[in-house]
Amino acid sequence: VYKIALLTNKNVAAPNVFLSHLTNKPANDHETCLSHGDLHARNIFIRDNSHEIILIDYYSSGKYRPMAHDPATLDVALCFDIWDEDKHKSIVNPLSYDEIIALYTPPLLPPRHITSKHNRAEAIKRIRLEASLTSSSYEYEMAVACLLLRFSKFAPKGKVRHRKEINKMRVLAYICADIIVNNFTP
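Using our numbering, you'd call the opening residue of the sequence shown number 1 and step up by one each time.
Structure below.
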């Protein structure tokens with residue numbers, strides 16, 4: 001992923017440099033809470049003819065994690081975890097490269113005004129608005145950077161077209177994680 005990211009963005013750090021920057025960030029006090037643990041769009045349903053939200057898939061729940069964990073997980077999932085085996089680009093309608101870079105350039109909290117008519121971008125900004133009530137910018141950005149890095153390591157399976165689209169998003173996730181880690185000062 002790094003080699004392809006380097007072709008896209010000449011300023012992206014090599015993995016060892018990136019990890020050094022990440023691990024050299026200062027420790028941060030943070031609040032913890034019981035967490036869902038796997039909060040993404042496929043685990044959230046809205047009941048027909050109502051606004052009632054139903055969460056499913058609690059196998060990772062019940063652990064205390066930083067308060068930023070669940071909103072940061074949903075933030076990254078809404079932007080990057082979009083390629084199901086049977087879907088293609090016209091159905092998925094991902095954010096553009098420029099929109100994603102703008103969304104993941106610090107500061108993430110409080111959410112900046114980023115012009116986008118895309119529902120994904122608006123949902124991410126809303127998540128960040130809510131997260132800013134309970135998490136520090138530093139805590140949230142480090143959580144997002146780690147989740148982006150985790151997504152960049154995701155090994156795609158399935159049809160060639162499916163793998164190509166996921167790989168594009170993996171590269172972009174690595175670039176965004178690098179931008180967050182290297183452009184944030186607590």
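In this text, a Cβ means the ideal position worked out from N, Cα and C, and glycines have one as well.
Query raised in the report: In terms of residues, what are the limits of the beta strand (DSSP E) holding Ser35?
Result: 32-35
Worksheet item: Quick one: is Thr73 buried, meaning 16 or more other Cβ sit within 10 Å of its Cβ, or exposed?
Response: buried
### Query
Of all the CB atoms in chain B, is at least one closer than 7 angstroms to the CB of Arg65?
Protein chain content of the structure displayed is limited to a single chain, and chain B is not contained in it.
Please list the segments of the alpha helix (DSSP H) lying wholly inside the stretch 5-69, counting only runs of 4 or more residues, in order along the chain.
15-23
Straight-line Cα distance separating Asp75 from Glu130 = 11 angstroms
Item to complete: Name the residue from Pro71, Leu103, Ser35, Glu141 whose alpha carbon lies nearest to the alpha carbon of Ser61.
Response: Ser35
(message) Can you tell me whether Ile82 is helix, strand or coil according to DSSP?
(response) coil
request  = Starting from Ser182, trace the alpha helix (DSSP H) both ways and give me its first and last residue.
outcome  = This sequence places Asn at residue 182; Ser is not what is there. Start and end: 160-182.
| said: If I measure Cβ to Cβ from Pro110 and keep anything under 6 angstroms in the same chain, skipping five residues before and after, which residues do I get? | reply: Ser132
- Message: Is it buried or exposed, Phe151, if we count other Cβ atoms within 10 angstroms and call 16 or more buried?
- Response: buried
| With distances taken between CB atoms, is the gap from His40 to Asp81 smaller than 7 angstroms? | yes
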